[in-house]
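Those protein sequences? They're chains S and W, same order as listed.
Start counting the first sequence at 798; every next residue gets the next number (the working numbering).
Start counting the second sequence at 798; every next residue gets the next number (the working numbering).
In what follows, a structure is listed as structure tokens, so that the remarks can point back to it.
Protein chains: 2
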Amino acid sequence: MSIPETAKEIHLVDYPTGKPTPEIYEVVEAPVREPGDGEILMRVVFMSVDPYMRGRMNPHVKSYIPPFQKGEALDGGAVGQVIKSNSEKFATGDYVVGYNGGWREYYTGPTDGFNKVDPSLAPLSAYLGVLGMPGFTAWAGMSQILEPKEGDVLFVSGAAGAVGSMVGQLGKLKGCKVIGSAGSTEKCDWLTGELGFDVALNYKDYANSTELTKGLSQAAGKGGVNCYFENVGGMHLEAAINCIAFGGRIALCGMISNYNDTKPEPGPYNLTNLIGRGVKMQGFIVSNFMLLARDFYAEVGPMLAGGKIHFRETVYEGLEKAPEAFNGLFEGANTGKAVVRVAPDTA
Amino acid sequence: MSIPETAKEIHLVDYPTGKPTPEIYEVVEAPVREPGDGEILMRVVFMSVDPYMRGRMNPHVKSYIPPFQKGEALDGGAVGQVIKSNSEKFATGDYVVGYNGGWREYYTGPTDGFNKVDPSLAPLSAYLGVLGMPGFTAWAGMSQILEPKEGDVLFVSGAAGAVGSMVGQLGKLKGCKVIGSAGSTEKCDWLTGELGFDVALNYKDYANSTELTKGLSQAAGKGGVNCYFENVGGMHLEAAINCIAFGGRIALCGMISNYNDTKPEPGPYNLTNLIGRGVKMQGFIVSNFMLLARDFYAEVGPMLAGGKIHFRETVYEGLEKAPEAFNGLFEGANTGKAVVRVAPDTA
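Encoded structure:
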């Protein structure tokens, strides 16, 4: 395959205040660098947009991953084909997925965090979703923090998202009663239909945490919520803590409702419930559990092959749509995993 | 020993709003009931006042223990002598400690939660403190939730209290750098003096969580706080979460700063730190770990006998002082364990 002299990448022009606006991005035509020793050149087919990227747009937050730099290309997960390899890890022509390489048409760089994928087992984009970081995130939160038991009541917010939809399905396979929240009738229908959730709550029907508490309490039944998988924050967390069972577990994966706040939101008013009810609330990011990636593939691969796990994707066409795809995460515009098709999927 | 016909007990006349006032209590002269089958009659020597009792004064809170009933005697931990036993568990003359029997001069009832104590090993009152529920609470939170390692930075709030003073000493014995907060110079001097804490912060020197964060951050050093034992809530929790290390642990034992609030306080504004830093925050009450009581005595008994654990008590004289002793918990009036001497310690 020929290597172009230049290609497009999306730069961060300025850090956003509140919800990112189009002005903070710039599409730049930049030279395509030849790979150095141990490096690869990848033609990106799909790039991922994920909520954690909003955190990298805050320059002053102490977090597990450094902020994006102004005037440089953004970055993130991507799947594509190796065009040229100076690495023993991959051959030219291999399809690979990595935590880098997004927000651009071509990636040149090291192979850390890249793995070879098999396009005959699942569509390439699935390696950014159900078989990628979101799927692994769901699996890790369930298996390492919530540890749901048969008969437990599991509540997951952001249930129609890439992570949440996987959480709920894993819960059903464990024998849980699964309650999900999402932001539209269509999403709720998908949850209780194809995905087999027991109850779906459209959170837009609930004005505040008191109302949501009533709805969740009714859905959970007398024993309350044993496991809560948190993607949203705000009134969702407060309602879940109101309904949490004795000995309950809460996995904090994300709080997307807060990510665009220009001033910090107060935490829930009912944290003392965690004391009286002996509740564990644990935050995590998937890299905390990276050593378990093999276990994830071993468990989830066969589930997917066996048709026990379903997934949807919202596909945006063309690199220039990446900012729109990203904002879709905060606007509830996406169902399942949101990806951007950067080049035709030739696999 | 002779059994009196009547004795004093303290009744709850009304549920408090905010800080309990003297009017909510009534000292009642009530008949002393003969023990039934399997029951004991105990002459109370010391009764305990503990922060959790404030929760039992809220009639509508769903918690691990039912609320006190209006017009009935209050209840709580007590240590005393068995005057008459219809139980095979104890003989007349035995000294016993139990989770019931407080707020009265004589206790008649079942022996659940009562254990025999040896007054020659430690003063009777110690079985309500360092060798009792607060000591066990400290040990359980440390060994079962925080799991501090040598070199970890441990922060404990309410550090001059019955639980906190034990937490810090256990931390020093584990090889931690220990930081405690308390509300007076005298208390802080005790922490860094007799108890061997590395740093004591007088929280009254800090106007808000931002200020306390600076003080704590400086005390903790660059690596931050690995373990936080929470007794206070409010700005303490927010400051601790600001300073928490990657992979940190937080044991939620109490939030005494909130217990008299007439409207709920918001939670900390920085809970998303728990996600990015992979932090576990676990609430608990000591009864979650009751099966480990034997391990507690096996570990802490020799520490105490060997002079490795120090403790102080604030002793109030006479049953009528119980309401004052109780309010002292919220006013910072007590150092170490607060107890009420109900009868002369004849042991």
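Just so it is clear, CB atoms sit at the ideal spot from N, CA and C, and this is done for glycine as well.
Helix, strand or coil for W/Ile-1038, going by three-state DSSP, please let me know.
Here residue 1038 of chain W refers to the residue found at position 241 of the second sequence. W/Ile-1038: helix per DSSP, three-state reduction.
S/Val-1136: which of S/Glu-983, S/Asn-1085 and S/Val-841 sits nearest, CA to CA?
Indexing the first sequence from 1 puts residue 1136 of chain S at position 339. Minimum Cα distance to S/Val-1136 is reached at S/Val-841.
Where does S/Lys-984 sit, in a helix, a strand or coil, going by DSSP?
Sequence index remark: in the first sequence, residue 984 of chain S carries index 187 (1-based). Looking at S/Lys-984 - three-state DSSP - the assignment turns out to be helix.
I want to check one thing, is the minimum distance from the CB of S/Asp-872 to the heavy atoms of the ligand SAM below 7 Å?
You won't find the ligand SAM in this model; it holds no ligand whatsoever.
Return the Cβ separation of W/Met-844 and W/Ala-875 in integer angstroms, given the expectation that the two are a contact with Cβ distance under 8 Å.
Sequence index remark: in the second sequence, residue 844 of chain W carries index 47 (1-based). Sequence index remark: in the second sequence, residue 875 of chain W carries index 78 (1-based). Contact flag correct, Cβ pair sits at about 5 Å.
Rounding to the nearest angstrom, what Cα-Cα distance links W/Glu-1005 and W/Ser-1014 in this structure?
As a working mapping, residue 1005 of chain W is identified with position 208 in the second sequence. As a working mapping, residue 1014 of chain W is identified with position 217 in the second sequence. The displayed chain sequence assigns Asn, not Glu, to residue 1005 of chain W. One C-alpha to the other measures close to 14 Å.
Can the beta-carbon of W/Cys-985 be found less than 8 Å from the beta-carbon of W/Thr-1010?
Residue mapping note: residue 985 of chain W aligns to position 188 of the second sequence, counting from 1. Residue mapping note: residue 1010 of chain W aligns to position 213 of the second sequence, counting from 1. Cβ distance not < 8 Å, so W/Cys-985 and W/Thr-1010 don't count as in contact.
Excluding sequence positions up to five away, which residues of its chain have a Cβ less than 7 Å from the Cβ of W/Val-1083?
As a first step, residue 1083 of chain W must be located in the second sequence, where it is residue number 286. Excluding residues within five positions, the ones whose Cβ falls inside 7 Å are Met-930, Phe-933, Thr-934 and Ala-937.
Report the three-state DSSP secondary structure of S/Val-950 (helix, strand or coil).
Reading the first sequence from its first residue, position 153 is the one you call residue 950 of chain S. In this structure, S/Val-950 counts as strand in the three-state DSSP scheme.
Which of the three DSSP states, helix, strand or coil, is assigned to W/Ala-804?
As a position in the second sequence, residue 804 of chain W is number 7, starting the count at 1. DSSP places W/Ala-804 in strand when its eight states are reduced to three.
Is the distance from the Cβ of W/Tyr-772 to the Cβ of W/Leu-809 below 8 Å?
Because residue 772 of chain W is not part of the residues shown, which for chain W are 798 to 1144, the question remains open.
Assign W/Pro-832 to buried or exposed, taking buried as 16 or more other Cβ atoms, counted over all protein chains shown, within 10 Å of its Cβ.
Walking along the second sequence from the start, residue 832 of chain W turns up at place 35. Buried, by the Cβ-count rule.
Please report the straight-line C-alpha distance between S/Gly-1080 and S/Gln-941, rounded to a whole angstrom.
The residue labelled residue 1080 of chain S in the question sits at position 283 within the first sequence. The residue labelled residue 941 of chain S in the question sits at position 144 within the first sequence. In a straight line, the C-alpha of S/Gly-1080 is about 11 Å away from that of S/Gln-941.
Counting only C-beta atoms, is W/Tyr-1025 closer than 8 Å to chain S at any point?
One-based indexing of the second sequence puts residue 1025 of chain W at position 228. It does not: the Cβ of W/Tyr-1025 has no partner Cβ on chain S nearer than 8 Å.
Using a beta-carbon distance cut-off of less than 7 Å, what residues from the stretch 1079 to 1105 of chain S approach chain W?
Of all residues in the stretch 1079 to 1105 of chain S, Gln-1079, Gly-1080, Phe-1081, Ile-1082 and Asn-1085 have a Cβ within less than 7 Å of some Cβ in chain W.
Could you name each continuous beta strand (DSSP E) segment of 3 residues or more that falls completely within the stretch 804 to 871 of chain S, going from the start of the chain to the end?
Whole beta strand (DSSP E) segments, 3+ residues: 822 to 828 and 837 to 845.
Closest to S/Pro-801 by CA distance: which of S/Val-829, S/Gly-1115 and S/Leu-967 is it?
As a first step, residue 801 of chain S must be located in the first sequence, where it is residue number 4. Out of S/Val-829, S/Gly-1115 and S/Leu-967, S/Val-829 has the C-alpha closest to the C-alpha of S/Pro-801.
Go through its chain and collect everything with a Cβ distance to W/Ile-1038's Cβ below 6 Å, but skip five positions before and after it.
In the second sequence, residue 1038 of chain W corresponds to position 241, counting from 1. For W/Ile-1038, where only same-chain residues beyond five positions count, the Cβ hits under 6 Å are Pro-1065, Asn-1067 and Asn-1070.
Tell me which residues of the stretch 1052 to 1083 of chain S have at least one Cβ-Cβ distance to chain W shorter than 8 Å, keeping chain order.
Listed by position, the residues of the stretch 1052 to 1083 of chain S near chain W (Cβ gap below 8 Å) are Met-1052, Asn-1055, Pro-1061, Glu-1062, Pro-1063, Gly-1064, Pro-1065, Tyr-1066, Asn-1067, Leu-1068, Thr-1069, Asn-1070, Leu-1071, Ile-1072, Gly-1073, Arg-1074, Gly-1075, Val-1076, Lys-1077, Met-1078, Gln-1079, Gly-1080, Phe-1081 and Ile-1082.
Please identify the residue among S/Trp-900, S/Pro-907, S/Gly-906 and S/Val-893 whose C-alpha is closest to the C-alpha of S/Pro-916.
Taking the first sequence and counting its residues from 1, one reaches residue 916 of chain S at position 119. For S/Pro-916, the nearest C-alpha among the options comes from S/Val-893.
Please report the distance separating the alpha-carbon of S/Thr-982 from that of W/Ser-962.
Residue 982 of chain S sits at position 185 when you count from the first residue of the first sequence. Residue 962 of chain W sits at position 165 when you count from the first residue of the second sequence. Going by the C-alpha atoms only, they are around 54 Å apart.
Hey, would you say W/Arg-851 sits closer than 8 Å to W/Ala-870, going by beta carbons?
The residue you call residue 851 of chain W lines up with position 54 of the second sequence. The residue you call residue 870 of chain W lines up with position 73 of the second sequence. In this structure, W/Ala-870 does not lie closer than 8 Å to W/Arg-851 by Cβ.
Start and end of the beta strand (DSSP E) containing W/Thr-905?
Numbered from 1 along the second sequence, position 108 holds the residue referred to as residue 905 of chain W. Note, W/Thr-905: beta strand (DSSP E), 903 to 906.
Should W/Asn-855 go down as buried or exposed, given a rule of 16 or more other Cβ atoms within 10 Å for buried?
Residue numbering aside, residue 855 of chain W sits at position 58 when the second sequence is read from its first letter. Label assigned to W/Asn-855: exposed.
Between the C-alpha atoms of S/Leu-918 and W/Asn-1028, what's the straight-line distance to the nearest angstrom?
By 1-based counting over the first sequence, the position of residue 918 of chain S is 121. By 1-based counting over the second sequence, the position of residue 1028 of chain W is 231. Spanning the two alpha carbons is a distance of roughly 52 Å.
If you measure from the beta carbon of S/Leu-1049 to each beta carbon in chain W, is any gap under 8 Å?
Residue numbering aside, residue 1049 of chain S sits at position 252 when the first sequence is read from its first letter. Yes, S/Leu-1049 counts as interfacial toward chain W.
To the nearest whole angstrom, what separates the beta carbons of S/Leu-992 and S/Gly-965, a pair I think is in contact under 8 Å?
Taking the first sequence and counting its residues from 1, the one referred to as residue 992 of chain S is at position 195. Taking the first sequence and counting its residues from 1, the one referred to as residue 965 of chain S is at position 168. Indeed, because the Cβ distance is near 6 Å, the residues count as touching under 8 Å.
Identify whether S/Ile-1053 lies in helix, strand or coil by the three-state DSSP scheme.
Locating residue 1053 of chain S in the first sequence gives position 256, where the first residue counts as 1. Helix, per DSSP.
Between S/Tyr-815 and S/Asn-1057, is the Cβ-Cβ spacing less than 8 Å?
Counting from 1 along the first sequence, the entry for residue 815 of chain S is found at position 18. Counting from 1 along the first sequence, the entry for residue 1057 of chain S is found at position 260. With the sequence shown as reference, residue 815 of chain S is identified as Gly, and Tyr is not the correct amino acid for it. Cβ atoms of S/Gly-815 and S/Asn-1057: closer than 8 Å.
Taking the alpha-carbon of S/Gln-878 as reference, which of S/Ser-799, S/Met-1087 and S/Gly-958 has the nearest alpha-carbon?
In the first sequence, residue 878 of chain S corresponds to position 81, counting from 1. Taking only the C-alpha atoms, the option nearest S/Gln-878 is S/Ser-799.
Listed from N- to C-terminal order along the chain, which residues in the stretch 987 to 1012 of chain S have their beta-carbon within a distance smaller than 7 Å of any beta-carbon of chain W?
So nothing in the stretch comes that close.
Once DSSP output is grouped into helix, strand and coil, what is the label at S/Lys-1060?
Within the first sequence, numbered from 1, the residue matching residue 1060 of chain S stands at position 263. Of the three classes helix, strand and coil, the one that applies to S/Lys-1060 here is coil, per DSSP.
Does the stretch 1019 to 1034 of chain S touch the stretch 951 to 958 of chain S, meaning 3 or more C-beta pairs lie closer than 8 Å?
Result yes; three or more Cβ-Cβ pairs closer than 8 Å.
With 16 other CB atoms within 10 Å as the buried threshold, where does S/Gly-895 fall?
Here residue 895 of chain S refers to the residue found at position 98 of the first sequence. Label assigned to S/Gly-895: buried.
Less than 8 Å between the CB atoms is what I'm expecting for W/Phe-1043 and W/Pro-817, so what's the real figure, rounded?
Working through the second sequence from its first residue, we reach residue 1043 of chain W at position 246. Working through the second sequence from its first residue, we reach residue 817 of chain W at position 20. No, W/Phe-1043 and W/Pro-817 are not in contact; Cβ-Cβ is about 41 Å, not under 8 Å.
What's the call for S/Gly-1104, buried or exposed, on a 16-neighbour Cβ count within 10 Å?
For the purposes of this step, residue 1104 of chain S is taken as the residue at position 307 of the first sequence. So S/Gly-1104 counts as exposed.
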